[in-house]
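Q: Residue numbers (our numbering): 1475 to 1767.
No residue lacks a Cβ here, since even glycine has one placed at the ideal position from N, Cα and C.
Note that the coordinates shown come from a computational prediction; the quantities given were computed from them, not determined experimentally.
I have a structure I would like to understand better, so I am pasting it below and will then ask my questions one at a time.
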C-alpha cells in the first residue's frame, strides 16, 4: 500500500489465490461503495479503509475453519466421555484410534494458534501505522480525533477478536491435553486388567502344574521301585511277602527326590535375586513357607 495524501491517492497491490472469497467480498463492497459518494469520500479520507476492511473480512472467513475445528473437537470429547461412562466398550483398537484423532486435533490447534499469532501481529501493525499516520495529519472531517474514526474502531475490533480467538484455541488445546491424559489412563487400566487376568490364569495353571509335580514326586519313586523289583532278574527267587524291601527302597528315594527339588529351587531363587542368597528370618516353618513359593 502507498498513500499520497496531497493528491488523495492510495495504491493497493493485493496478492491472493484464485477464487478467494475474501477478495470477492471486498470487490463487491467496493462496487457498492462507488454508488455512494459519502462512502467514497470516507475511503479517500482514510487510506487504511480498504486495509481494515480486508482484515475484517479475513477474520470473518476464518470463523468457518474455527467452526469445523470446534465441531471436530466436541465430537471427540463426547467419545472420551462415552468411554468414561461405559457407554462404549473400551478396547485397545478404539482407544488407539481416539488417541490418533486427539493428536490430529492437537496439531490443528497448534496451526490455528500460529495463524492467530501472525494475524495479531498484522492487526497490531495496522493499528500502529494508522495511529502514526493520523498523528501527522489533521483528523478527518466530522471527527475530533483519528482514533474515533470507523477505520480505527474496525482495526481495534479485529485485533481484540483475534486475541480472543487465540485464547479459545489455547483453551481447546488444554482440553485436548486433559482428554489425552484420560485416554492414557483408560489404556493403562485396560492393560492392567488384561495383565491381571493373565496373572490369574497363570497362577491357576501354576497351581495345577505344582499339584501334578507333587503327585509325580510322590508316586514316581514307588513306581520305579516296583518296576525294578518286578524285573526279570528276580525270577529265580521264591515269592515272598516281605513288602518292607519295597518300602525300604521307596522312602529314601522319595526323600532324595524332594531334597533335590529343594536344592534346585533354592539355586533358582539365588539366580533371581542376582547372585545373592535371600535371607529369611523366623522359625523353620517360615522358611518352609518361603520355599513353597
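My understanding is that residue 1554 touches residue 1666, with C-beta atoms under 8 Å, so please give their C-beta distance in whole angstroms.
A: Within the chain shown, the letter at position 80 stands for residue 1554. Within the chain shown, the letter at position 192 stands for residue 1666. Actually they do not touch by this definition, with Cβ atoms about 19 Å apart.
Q: Enumerate in chain order the residues of its own chain whose CB-to-CB distance from residue 1573 is below 6 Å, with the five nearest sequence positions on each side excluded.
A: By one-based count along the chain shown, residue 1573 stands at place 99. Answer for residue 1573: 1657, listed in chain order.
Q: Would DSSP call residue 1476 helix, strand or coil?
A: Taking the first residue of the chain shown as position 1, residue 1476 is located at position 2. Strand, per DSSP.
Q: Using the C-alpha atoms, what's the distance from residue 1696 back to residue 1726?
A: If you number the chain shown from 1, residue 1726 lands on position 252. If you number the chain shown from 1, residue 1696 lands on position 222. So the alpha carbons of these two residues sit roughly 10 Å apart.
Q: Taking the beta strand (DSSP E) that residue 1483 falls in, what are its first and last residues?
A: Looking up residue 1483 in the chain shown gives position 9. Here the beta strand (DSSP E) through residue 1483 covers 1483 to 1485.
Q: Assess, as a yes-or-no matter, whether the region 1582 to 1595 is touched by the region 1480 to 1493 under the definition of 3 or more beta carbon pairs within less than 8 Å.
A: With a cut-off of 8 Å, the region 1582 to 1595 and the region 1480 to 1493 do not count as touching, because too few Cβ pairs lie within range.
Q: Can you name the start and end residues of the alpha helix (DSSP H) that residue 1552 belongs to?
A: Here residue 1552 corresponds to residue number 78 of the chain shown, with the count starting at 1. 1523 to 1559 is the span of the alpha helix (DSSP H), which, as asked, contains residue 1552.
Q: Are residue 1634 and residue 1601 close, meaning C-beta to C-beta below 8 Å?
A: Numbered from 1 along the chain shown, position 160 holds the residue referred to as residue 1634. Numbered from 1 along the chain shown, position 127 holds the residue referred to as residue 1601. It is not a contact, given that the beta carbons lie outside the stated cut-off.
Q: Cutting at 6 Å between CB atoms, please list the residues of its own chain near residue 1526, excluding the five before and the five after it.
A: Translated into positions along the chain shown, residue 1526 becomes position 52. Only 1625, 1628, 1629 meet the Cβ criterion.
Q: Helix, strand or coil for residue 1601, going by three-state DSSP, please let me know.
A: As a working mapping, residue 1601 is identified with position 127 in the chain shown. Residue state, collapsed to three classes: helix.
Q: Which residue's Cα is closest to the Cα of residue 1594: 1571, 1547, 1637, 1475?
A: As a first step, residue 1594 must be located in the chain shown, where it is residue number 120. Nearest option by C-alpha distance: 1637.
Q: So is residue 1509 buried or exposed if we call it buried at 16+ other beta carbons inside 10 Å?
A: Locating residue 1509 in the chain shown gives position 35, counting from the first residue. Exposed, since its Cβ has fewer than 16 Cβ neighbours within 10 Å.
Q: Residue 1542 and residue 1576 - do their beta-carbons sit closer together than 8 Å?
A: Here residue 1576 is taken as the residue at index 102 of the chain shown, counted from 1. Here residue 1542 is taken as the residue at index 68 of the chain shown, counted from 1. Taking 8 Å as the Cβ cut-off, residue 1576 and residue 1542 do not qualify as a contacting pair.
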